[in-house]
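Each residue of the sequence shown is one higher than the one before, starting from 1436 at the first, in the numbering used here.
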Amino acid sequence: LLSGRLKPMGGRVTTARKLRIGFFAQHQVEELIVEDTPLQHLMHERPQEPQSRLRARLAGFGLGADNVETPVGRLSGGQKARLSLLLATLPAPHLLILDEPTNHLDIESREALVEALTAYSGAVILISHDMHLLSMAADRLWLVKDGAVRPYDDDLDAYRRMHLQGAAKKKREKPQAAPAKKAVATAAPSAPAAPIDPVAMRQKVVQYQDRVKKLTEAKEKLAAKLADPRLYSTEQIGRAEVLQKKFAEVEEAIDQAETRWLAALEKLEGAA
C-alpha cells in the first residue's frame, strides 16, 4: 500500500504530493532484464547522466569494472540484489521500503547494506527476519502477528525468547512419532584439506581489514553522538538507549571482524 503497488480495499491512502518512495523486495531481482548489463539498466533510468558517473554508482554498490558490462543473467544472486537495491535508491527517495533485502546477499553485501542504512538520511521501513540487520539498522520495531501490525516495545532479545518459547510449546504439543530403527553407517574417509589459495586469502585479509576500518569509523560516529549532552534530555532518552545499544553491537561486530581478520592473516602467512 505504501509503495503504491497495491490498491486499498477500503478507505484511502494520502501522501505528500512530492513524496518519493523507493521500494526493494526480495523478488525484484526477477524483474531485471537478463540480457542487459548493470550499466544498461542505469542508462535506461538516467540516459542523460555520464557513463563515468553511472559506473561510479555501480562501484559504490560493489559492481566493479568486471561486472558493469556483464549480462545480468550471468551475475550472482548477491550481485543482482545489489543492482536492484541501487535502482531502488537511484531517485534519492524520502522513504525507502525494504522487504527482506538480505535474502540474496553475501556477508560483505549485508554489511555494506547495514552501513548504507546507518548513513541514510531518509525514513526507512524495513521488513526482515535478519536479526543482525534489524539490530544494527532499526530504531523502532513493529510486530506483524495474527493479521495485525502493532508497535513492539521490547527489544530483539525479548522477541527471540518469545519466538523460541512459542516453538518449544508447539514441539511439546506435537504427538511423538514412533522411534525409528537405528541405522548403521560407515563413515567415509575424510578428504584431504584443500590447499590454501594465497591470492584468495589475501583478498579476504583485505576485506576483513576494510570491514574493521569501517566499523571503527561507525563506532567513532556513534561515540560522538553519545557525547552530545542534548541526547540525554527527557525528550531524547529513547534515542539515547537505541544509540547505546548500537554502540555495543558495533563493538561486538569489531571483535568478530578482528578475529576473522587475524585468522585469515595466519592462514595467509602459513601458505607463504
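Beta carbons: idealized from backbone N, C-alpha and C, even for Gly. It should be emphasised that the depicted structure is a prediction, and the values quoted were computed from it without experimental measurement.
I think residue i touches residue j, with their Cβ atoms under 8 Å apart; what is that distance to the nearest whole Å?
i, j, result
"Arg1481", "Leu1498", "Not really, about 15 Å apart at Cβ, beyond 8 Å."
"Val1464", "Gly1512", "7 Å"
"Asp1534", "Ile1562", "5 Å"
"Leu1661", "Gln1679", "7 Å"
"Met1566", "Leu1525", "That pair is no contact at about 29 Å."
Keeping to the same chain, check which residues put their C-beta closer than 7 Å to that of residue i; ignore five residues upstream and five downstream.
i, result
"Arg1674", "Leu1666"
"Asp1545", "A small fix is needed here, since residue 1545 is Arg in this sequence, not Asp. Correct list, in chain order: Thr1537 and Leu1568."
"Ala1620", "The predicted model places Ala1620 with a pLDDT of 49, which falls under 50 and marks its position as unreliable, so this point remains unresolved."
"Leu1578", "Arg1585 and Tyr1587"
"Leu1576", "Tyr1587"
"Glu1504", "Thr1472 and Leu1474"
"Glu1693", "Val1647"
"Thr1449", "none"
"Asp1663", "none"
"Pro1443", "Leu1436"
"Met1478", "Leu1489"
"Gln1644", "Trp1696"
Buried or exposed, going by whether 16 or more other CB atoms sit within 10 Å of the CB of residue i?
i, result
"Ser1556", "exposed"
"Trp1696", "buried"
"Arg1488", "exposed"
"Val1549", "buried"
"Arg1646", "buried"
"Lys1648", "exposed"
"Leu1735", "Given that the chain is displayed from residue 1436 to residue 1707, the structure contains no residue 1735 and the question cannot be resolved."
"Ala1491", "exposed"
"Met1636", "buried"
"Val1677", "exposed"
"Ala1699", "buried"
"Ala1523", "buried"
"Ala1460", "buried"
"Ala1618", "Confidence at Ala1618 is low in this model, with a pLDDT of 48, below 50, so its placement is unreliable and no value can be given for it."
Any beta-carbon of chain D closer than 8 Å to the one on residue i?
i, result
"Pro1528", "Within the model displayed, chain D is absent; a lone protein chain is all it includes."
Residues in the same chain with beta-carbon distance under 8 Å from residue i, minus the five sequence neighbours each way, listed in chain order, please.
i, result
"Val1507", "Leu1467, Ile1468, Val1469, Glu1470, Asp1471, Thr1472, Pro1473, His1476, Lys1515 and Leu1518"
"Leu1412", "Past the edges of the chain, shown from 1436 to 1707, lies residue 1412, and the structure says nothing about it."
"Glu1687", "none"
"Glu1684", "Ser1570 and Met1571"
"Lys1654", "Phe1682, Val1685, Glu1686 and Ile1689"
"His1564", "Glu1535"
"Tyr1594", "Leu1576, Leu1578 and Tyr1587"
Does DSSP put residue i in a helix, a strand or coil?
i, result
"Pro1473", "helix"
"Val1448", "coil"
"Leu1578", "strand"
"Arg1585", "strand"
"Ile1456", "strand"
"Ile1689", "helix"
"Pro1664", "helix"
"Arg1440", "coil"
"Leu1467", "coil"
"Gln1679", "helix"
"Pro1482", "coil"
"Asp1592", "helix"
"Asp1752", "Here the chain covers residues 1436 to 1707 and nothing more, so residue 1752 does not appear."
Apart from the five residues on each side of it in sequence, which residues of its chain come closer than 6 Å, Cβ to Cβ, to residue i?
i, result
"Leu1493", "Pro1473 and Val1503"
"Pro1485", "none"
Problem - Contained alpha helix (DSSP H) runs [length at least 4] in the region 1490-1576, N- to C-terminal order - result: Under the rule that a run must span 4 or more residues, the alpha helix (DSSP H) segments found entirely inside the region 1490-1576 read 1512-1524, 1542-1554 and 1566-1572.
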